[in-house]
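Inspection log for the structure reproduced underneath, given as structure tokens.
Structural data, given as structure tokens:
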């Protein structure tokens, strides 16, 4: 395979200012809804980027679990690398890739911890195996030498909570990312992509611009 020659044309559509809503979060909801309706795989998956104490960026996929008027919600182990980095620097970036539609959305914002009660309500609504998995991060600090050791600990926890309600561990929680900047990207022919950004004009209003 010649990577240099690997390319395709983006021809799914175009992005015009006249079609964009005034509020970027409402525009994002429209795009997410369309992506789900079109059958995009993992439409709610988003790349969460953080920065560690040495200024090294890190990125990983997490799942969007709610959209509040103030922003976007995800949940994770508070003992995880991502949570520790958010604690050090709560400026984060989210990226939604819907490349089957030639679309992506980048959102920069501030991540704030959610109340424990919100995380608990989410935890209790998850499948039992997923609830048990949240406890794995508390075992051996979430580090295992082999896959067999991981599966063994999972079975230990499964037996521990057999026929019992599975409580939320203290090391589980959620975050609300309050957006400060949006970029909507629609792939274009000849690499003439459509990119429209929204940024805060003041505390209560957004300004919109087209960029190259």
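Residue numbers (our numbering): 26 to 237.
A virtual CB, placed ideally from N, CA and C, is assigned to each residue, including glycine.
Return the Cβ separation of residue 61 and residue 70 in integer angstroms, given the expectation that the two are a contact with Cβ distance under 8 Å. Counted from its first residue, the chain shown places residue 61 at position 36. Counted from its first residue, the chain shown places residue 70 at position 45. Wrong, their Cβ atoms sit about 12 Å apart, outside the cutoff.
DSSP beta-bridge partners of residue 186: For the purposes of this step, residue 186 is taken as residue 161 along the chain shown, with counting starting at 1. Beta-bridge pairing links residue 186 to no other residue.
Would you kindly report the start and end of the unbroken alpha helix (DSSP H) that includes residue 107? To locate residue 107, count along the chain shown from 1; it is residue 82. It spans 106-113 - the alpha helix (DSSP H) in which residue 107 sits, taken as one unbroken run.
In the structure shown, what three-state DSSP assignment does residue 74 receive? Start at 1 with the first residue of the chain shown, and residue 74 comes out as number 49. Of the three classes helix, strand and coil, the one that applies to residue 74 here is strand, per DSSP.
With DSSP collapsed to three states, give me the class of residue 27. Position 2 of the chain shown, counted from the first residue, corresponds to residue 27. Of the three classes helix, strand and coil, the one that applies to residue 27 here is coil, per DSSP.
Can you tell which of 175, 193, 202 and 157 has its C-alpha closest to the C-alpha of residue 185? Translated into positions along the chain shown, residue 185 becomes position 160. For the residues 175, 193, 202 and 157, the minimum Cα distance to residue 185 belongs to 157.
Does the segment 170-182 touch the segment 130-137, meaning 3 or more C-beta pairs lie closer than 8 Å? no
Cα-Cα separation, residue 99 to residue 188: Start at 1 with the first residue of the chain shown, and residue 99 comes out as number 74. Start at 1 with the first residue of the chain shown, and residue 188 comes out as number 163. Cα-Cα distance, rounded: 28 Å.
In whole angstroms, give me the CA-to-CA distance for residue 200 and residue 41. Along the chain shown, read from residue 1 onward, the residue named residue 200 stands at position 175. Along the chain shown, read from residue 1 onward, the residue named residue 41 stands at position 16. Their backbone Cα atoms lie some 32 Å apart in a straight line.
Residue 120 and residue 112 look like a contact to me (Cβ under 8 Å); what is the Cβ gap, rounded to whole Å? Indexing the chain shown from 1 puts residue 120 at position 95. Indexing the chain shown from 1 puts residue 112 at position 87. Contact flag wrong, Cβ pair sits at about 21 Å.
In terms of residues, what are the limits of the beta strand (DSSP E) holding residue 233? Taking the first residue of the chain shown as position 1, residue 233 is located at position 208. Its beta strand (DSSP E) spans residues 230-236.
I think residue 210 touches residue 85, with their Cβ atoms under 8 Å apart; what is that distance to the nearest whole Å? Taking the first residue of the chain shown as position 1, residue 210 is located at position 185. Taking the first residue of the chain shown as position 1, residue 85 is located at position 60. Between residue 85 and residue 210 the Cβ distance is about 21 Å, and since that is not below 8 Å, they are no contact.
In whole angstroms, what is the alpha-carbon distance linking residue 153 and residue 183? By 1-based counting over the chain shown, the position of residue 153 is 128. By 1-based counting over the chain shown, the position of residue 183 is 158. Taking the straight line joining both Cα atoms gives about 9 Å.
If you draw a straight line from the C-alpha of residue 213 to the C-alpha of residue 192, how long is it? As a first step, residue 213 is located in the chain shown; it is residue number 188 there, counting from the start. As a first step, residue 192 is located in the chain shown; it is residue number 167 there, counting from the start. Near 49 Å, if we compare the C-alpha coordinates of residue 192 and residue 213.
Considering only C-alpha positions, which residue in the set 218, 206 and 33 is nearest to residue 227? Counting from 1 along the chain shown, the entry for residue 227 is found at position 202. Selected option, being the one with the closest Cα: 206.
Classify residue 35 as helix, strand or coil using the three-state DSSP reduction. The residue you call residue 35 lines up with position 10 of the chain shown. Coil.
Skipping 5 residues on each side, what residues in its chain have a beta carbon closer than 6 Å to that of residue 233? As a working mapping, residue 233 is identified with position 208 in the chain shown. Around residue 233: 223.
Excluding the five sequence neighbours on either side, which residues of its own chain have a C-beta within less than 7 Å of the C-beta of residue 87, listed in chain order? Your numbering for residue 87 matches position 62 in the chain shown. Answer for residue 87: 71, 73, 99 and 101, listed in chain order.
Output needed for residue 147: all residues of its chain with C-beta closer than 7 Å, excluding positions within five of it in sequence on either side, in chain order. As a first step, residue 147 is located in the chain shown; it is residue number 122 there, counting from the start. Excluding sequence neighbours, residue 147 sits near 90, 100 and 199.
Looking at C-alpha atoms only, which residue of 195, 133 and 36 is the closest neighbour of residue 204? For the purposes of this step, residue 204 is identified with residue 179 of the chain shown, where counting begins at 1. Ranking 195, 133 and 36 by Cα distance to residue 204 puts 133 first.
Alpha carbon of residue 236 to alpha carbon of residue 55, nearest angstrom: Along the chain shown, one-based indexing puts residue 236 at 211. Along the chain shown, one-based indexing puts residue 55 at 30. Each residue's alpha carbon lies about 21 Å from the other.
At what residues does the alpha helix (DSSP H) containing residue 62 begin and finish? Within the chain shown, numbered from 1, the residue matching residue 62 stands at position 37. Run containing residue 62: 49-62, per the alpha helix (DSSP H) assignment.
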